[in-house]
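Going by this note's numbering, the first sequence opens with residue -15, and the numbers climb by one from there.
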Amino acid sequence: MSHTSKATERARCVVHVDLDCFYVQVERKMNPELLKVPCAVVQYNKFQGGGIIALSYEAKARGVRRSMRGNDARVVCPDIRLVTVPTANEKADLTRYRNAGSSVFEVCARHSDLCERTSIDEAYLDITLQARTLLSNMDEFKRRLRLSGVMIGTESNLADSDEFEKEIFWKDSLQPENNDTQDSLLAAGSVIVAEIRAAVKDKTGYTLSAGISHNKMLSKLVSGKNKPNKQTVLSSTKVEKLLSRLPLRDLNGFGGKLGDKLIDKCSIKYVGDLKKYSLMKLAKMAIGSEIVRINSATWMSQACRGICTETVKSRIAAKSISCGKTFRGPTRLRSIDNVKEYIDKLSIELAERLQNAKQKHRQVAKLITVSYHTGSKTVKRKGQEINLTGNISKSRSCRCPATPNAVNISKAVMQVLEKELDSECIRAGVTCLYIGASKLENVRDEATGIDTLLKKVVSASTATSESDSHLYIQKPKQAAKRRTGIEQMFTRPLTPYEPNKKPNRSLQAATRVSNDGGDIQQKEETKPTIHNLFFRAKSKSTKSNSSIRIQNQLTWNQVDQTVFRELPSELQKEVMSSIRSEMPQQATRRKRFKWSQKP
DNA sequence: CATTATGACGCT
DNA sequence: AGCGTCAT
């Protein structure tokens, strides 16, 4: 199976961390009365007691479920405490939870090699190197193992699990003494995770659950197996068995339409069943019956064997910021003014959060997007009024204003929206409004956009000399913080922000799929993907179009005059020369005098 | 009238 | 650029 030395060398220790009923924990920290009693967090308690978006384990045990109405929860659990999400600008405001999450993942980031925040209350960690280091010193490992309280090679707290699960998780599954197995890496990782969880609890008061395995998919799969406040390890030796009986929809990525199609049309019950479809067959399914998308085939053939090569990135800040509100039934918006009223409100929140992103993460947005849903239209057919379901959703984007305050954001959004909201939309009513900021770029200056401009200037000019290097955004130097005692041994400084590479599930490396289901080692040989197996010719012809992107050159209308004025004269020259080279002289000259008008 | 708000990312 | 899918 997978216990080759090669597999062990390359095996990673990847962790999925998941805050337990997080909104409830946040509310409980603010109001300890809520501790130990069934309680739930709802938003908008006016209608039927509000919608439940988080619930305590006491409430869950009483049959309360997420998405229930507060009133329905009271039926099954009369003594439930309902807490309402704060409201600002006439909408639910999740700031409190976002910030609480940040505090948690800052701790995680400090204590792990890599921390990738994936939502308000979840993150992946890669602690491979830390685990290896710990393994290299057995005495140290044993000492910290004792301190951590982690049990290795024994059955742990699996009261709620069935026999099948008990066999898979923990029971005799880890042999830390054996340096050659992937299990010892996970054993060391388990100790480190326990320490991280203790640090989070200590610094923030919050508890979390974690899954520990060799890749993102597997760690996520098991992180919730022992909630709350427990960690679960999944050995590579148990993966094949686990997947063979795992309902397909329970695996990340198969919970939606794709999973439904595979279940309905291919009579696949368990993840392991997918193994009987070779890569070829999956591809043919994609081509012939449109059950799967062609580019999903490679990913699927790996996933069903427990393989997931996606790396853990280093990022705790969001890549986009958005806020929105739905307007159901009679509250749907039926006039432009009404829409503007709410765009104004949403803009206030977005502006605040953008300011926060700038202060906290040095992020500056380049793009604003507005999207809306418009209600189902009623159409007359054969004299009958027929209600066409399926709401229409639209989105438009525009450049983010240089000073993204609420007024400017609202102005920019309304400008694109007014063209869109025709009488048709207004008659049907707007049922949903979202605005968001994306293309967040990392800057170090106070002056908004100046680094971006410099980057553009430099990339537009051909040569990149060493002397230019100071123009680029520097990764923050890792502060050599002094730590003492045990903490020193497993903590790391915060990792700097790194923009992600664009991932592609199928066309990435890692395509070879072995037949031994337990093998979760990374495959790095680049083999033909489904795509070029079947579309070699096509992919060649499209390559020049899609995969090779020429960077946009700087044009006058991209240059903000206030930004330009701040540049050293030497750079002003550079900017001008870079622009002159691509524009007709006349146009350039004319614009130079008029360029106070921005696009 | 009622599963909200918010992310990430793939496809075209 | 805009739309669709998946997740919680």
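Glycine included, C-beta positions come from ideal geometry on N, C-alpha and C.
What do you reckon, are the CB atoms on Ile393 and Ala301 nearer than 8 Å? Cβ distance not < 8 Å, so Ile393 and Ala301 don't count as in contact.
As a quick exercise: from Ala172, Asp257 and Asn279, pick the residue whose alpha carbon is nearest that of Leu158. It is Ala172 whose Cα lies nearest to the Cα of Leu158.
Quick one: complete beta strand (DSSP E) runs, 3+ long, within the stretch 168 to 197? Qualifying beta strand (DSSP E) stretches, in chain order: 192 to 197.
Outcome for Asn584 when other beta-carbon atoms lying within 10 angstroms are tallied against a minimum of 16: Residue 584 lies beyond the stretch modelled for the chain, which goes from -15 to 583, so this question has no answer here.
First and last residue of the alpha helix (DSSP H) that includes Gly308? From DSSP, Gly308 is part of no alpha helix (DSSP H) but of the beta strand (DSSP E) over Ile305 to Thr310.
Using a 10 Å radius around the Cβ and a threshold of 16 neighbouring Cβ atoms, would you call Gln32 buried or exposed? A residue is called buried when at least 16 other Cβ atoms come within 10 angstroms of its Cβ; Gln32 does not meet this threshold and is exposed.
Does the distance from the C-beta atom of Ile111 to that of Gly85 stay below 8 Å? Between Ile111 and Gly85, the C-beta spacing is not below 8 Å.
Euclidean distance between Cα positions of Gly240 and Tyr254: For Gly240 and Tyr254, the distance between alpha carbons rounds to 15 Å.
Assumed close pair Asn73, Glu333 - CB separation to whole angstroms, cut-off 8 Å: That belief holds up - the Cβ atoms of Asn73 and Glu333 are roughly 6 Å apart, short of 8 Å.
Just list the residues that DSSP pairs Lys378 with in beta bridges. For Lys378, which the question treats as bridged, DSSP gives the partners Tyr356.
What's the C-alpha gap between Ser591 and Arg12? Here the chain covers residues -15 to 583 and nothing more, so residue 591 does not appear.
Leu66 and Gly34 look like a contact to me (Cβ under 8 Å); what is the Cβ gap, rounded to whole Å? Contact between Leu66 and Gly34 holds: their C-beta atoms lie close to 7 Å from each other, under 8 Å.
Would Leu246 pass as a contact of Val223 if the rule is Cβ separation under 8 Å? For Leu246 and Val223, no; Cβs fall outside 8 Å.
Helix, strand or coil: which one does DSSP assign to Lys344? Lys344 falls in the helix class under three-state DSSP.
So the alpha helix (DSSP H) Gln32 belongs to, where does it begin and stop? For Gln32, no alpha helix (DSSP H) run applies, since DSSP gives it neither H nor E.
According to DSSP, is Pro231 part of a helix, a strand, or is it coil? In this structure, Pro231 counts as strand in the three-state DSSP scheme.
Name, in chain order, the residues that DSSP records as bridge partners for Leu66. Note: Leu66 sits in a beta bridge opposite Ala24.
Under DSSP, the alpha helix (DSSP H) around Asp56 begins and ends at which residues? Per DSSP, the continuous alpha helix (DSSP H) segment holding Asp56 begins and ends at Gly54 to Val60.
Considering Cα atoms alone, identify which of Val184, Arg316, Thr315 and Ile352 is closest to Ser331. Here the closest residue by C-alpha is Ile352.
Per-residue burial, Arg(-4) [other beta carbons within 10 Å of its own, 16 or more giving buried]: Buried.
Report the rounded CA-to-CA distance for Gln492 versus Arg316, giving the unit in angstroms. Its pLDDT being 35, under 50, Gln492 is placed unreliably by the model, and the measurement read from it follows with that caveat. For Gln492 and Arg316, the distance between alpha carbons rounds to 44 Å.
Continuous alpha helix (DSSP H) stretch holding Asp2: start and end: It is not in any alpha helix (DSSP H) - Asp2 instead sits in the beta strand (DSSP E) that spans Val(-2) to Leu3.
Taking 8 Å as the cut-off, decide whether the C-beta atoms of Ala194 and Val(-2) are in contact. 8 Å or more divides the Cβ of Ala194 from the Cβ of Val(-2).
Assign Ala72 to one of three DSSP states: helix, strand, or coil. In the structure shown, Ala72 adopts extended strand secondary structure according to DSSP, grouped into three states.
So the beta strand (DSSP E) Glu294 belongs to, where does it begin and stop? It is not in any beta strand (DSSP E) - Glu294 carries neither H nor E in the DSSP assignment.
Alpha helix (DSSP H) containing Cys409: first to last residue? Counted as a single uninterrupted DSSP element, the alpha helix (DSSP H) harbouring Cys409 occupies residues Ser407 to Ala412.
Bridge partners - Gly420, DSSP secondary structure assignment: Gly420 pairs with Ser306 and Thr353.
When you compare each of Ile410, Asn389, Arg380 and Tyr418 to Val400 by their alpha carbons, which one comes out closest? The shortest C-alpha separation from Val400 is found at Arg380.
Thinking just about the alpha-carbon of each residue, which of Thr293, Phe238 and Thr310 is nearest to the one in Arg277? Check the Cα spacing between Arg277 and each of Thr293, Phe238 and Thr310: the tightest is with Phe238.
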